[in-house]
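The block underneath contains the structure these notes are about, expressed in structure tokens.
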């Protein structure tokens, strides 16, 4: 990007994932123009995080993109099947949900779809662009120094923004440059691998699969590109001790998860290595400041066991647009994010306490240590079979 393209924007959004793009869409709906959406990637890489609940349709309707989303052809998700707390299989399905089923997303395609919808509504989308430096100007606007790399050509530019929204996910690039800290809890590592599906019945299953094991838990989902995603979630110490990022160790653990292993038998690995993703759990010590706001995973991130990350991100985005446009009390917005974060933590703590089969395993000892009983019957599986 050349220096002559430097501009002054009313709102700059860092990150064009679900939170950032949804916020741009919500702002346009509320009459805000002159928005720039800054994305470090080009949407070409595989992304983890693909499950959204039926209630997501309400959010898409509020953004007026529901019909366009449905035309994208993502795979239906009819609920979850889990082996948690015992060997008995349980279900938590969407059969009685008035909105119907949820979805297993092609996450790369979904992110690109949302960004494209924002761009179609007049938002300035800048891909392959990274935020390098933040300077506060005398007029309280922000001078953002950007670096762009496209087709082997690098460039630098500066833009000015009256308001900045950090929607850059767990990287939280804007708030970190402003000195904001993360208040962390225990974090997981996701070790994933995709398989080409051979079994037509498995492809039509449409259920998220969970299985607790001695060193963590397994997740499986059928993706719209006719692949099966298998992921082992464990803590960093266990991953390091058992070398779970190595294919042979990962496969050895898979063999010890009988129900998940059965799914893998019907597919062929698409890579010779294991994809590793951090799954941090934290909330920022400060969620807003002078003309800036953090939303989505930049503001707080919780255990993926809740499967609420994308829904939370889009909900945050819509609420953030109201804060900016309607001058809604920003402290109320921050309070709602902190309350939501505490609720997620309590739910996850309850889930982990339900699993008592490996009391001597370091992973489960860690996740049981600070867990207090809950009275609310929040189960990863609703009824045993």
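In full-length UniProt numbering, the protein residues as written are 1 to 385.
Here a beta-carbon is modelled for each residue, glycine too, at the ideal position from N, C-alpha and C.
DSSP puts residue i in a beta bridge; with which residues?
i, result
"residue 363", "Answer is none; residue 363 lacks a bridge partner."
"residue 127", "Bridge partners of residue 127: none, in fact."
"residue 255", "DSSP output for residue 255 lists no bridge partner at all."
"residue 182", "284"
Helix, strand or coil: how does DSSP classify residue i here?
i, result
"residue 15", "coil"
"residue 210", "strand"
"residue 297", "helix"
"residue 332", "helix"
"residue 60", "helix"
"residue 291", "coil"
"residue 42", "coil"
"residue 189", "strand"
"residue 343", "helix"
"residue 217", "strand"
"residue 53", "coil"
Rounded to whole angstroms, what's the CA-CA distance from residue i to residue j? Just pull it up for me.
i, j, result
"residue 141", "residue 101", "44 Å"
"residue 177", "residue 165", "13 Å"
"residue 294", "residue 129", "19 Å"
"residue 32", "residue 314", "18 Å"
"residue 57", "residue 336", "22 Å"
"residue 174", "residue 259", "42 Å"
"residue 331", "residue 143", "25 Å"
"residue 214", "residue 136", "50 Å"
"residue 343", "residue 297", "15 Å"
"residue 372", "residue 280", "Confidence in residue 372 is poor, its pLDDT being 41 and thus under 50, which makes the residue's placement unreliable; the coordinate value appears in the next sentence. Roughly 21 Å separates the two Cα atoms."
"residue 113", "residue 359", "44 Å"
"residue 363", "residue 85", "15 Å"
"residue 309", "residue 302", "8 Å"
"residue 190", "residue 19", "21 Å"
"residue 387", "residue 36", "Because the chain is modelled from 1 through 385, residue 387 falls outside the range shown and cannot be assessed."
What are the boundary residues of the beta strand (DSSP E) that residue i is part of?
i, result
"residue 269", "267-269"
"residue 397", "Any property of residue 397 remains undetermined from this structure, which presents the chain solely from 1 to 385."
"residue 144", "142-150"
"residue 326", "Premise fails: residue 326 lies in the alpha helix (DSSP H), 309-326, not in any beta strand (DSSP E)."
"residue 275", "275-279"
If distances are taken between C-alpha atoms only, which option among the options comes closest to residue i?
i, options, result
"residue 267", "185, 163 and 193", "193"
"residue 124", "288, 94 and 28", "28"
"residue 197", "10, 215, 224 and 188", "224"
"residue 69", "169, 52, 83 and 81", "52"
"residue 160", "275, 317, 9 and 325", "9"
"residue 291", "308, 310, 321 and 273", "321"
"residue 317", "26, 7 and 15", "26"
"residue 231", "237, 238 and 211", "211"
"residue 79", "169, 153 and 91", "91"
"residue 81", "221, 256, 183 and 42", "221"
"residue 62", "334, 319 and 155", "319"
"residue 46", "229, 119, 88 and 116", "229"
Note the first and the last residue of the continuous alpha helix (DSSP H) segment covering residue i.
i, result
"residue 237", "236-242"
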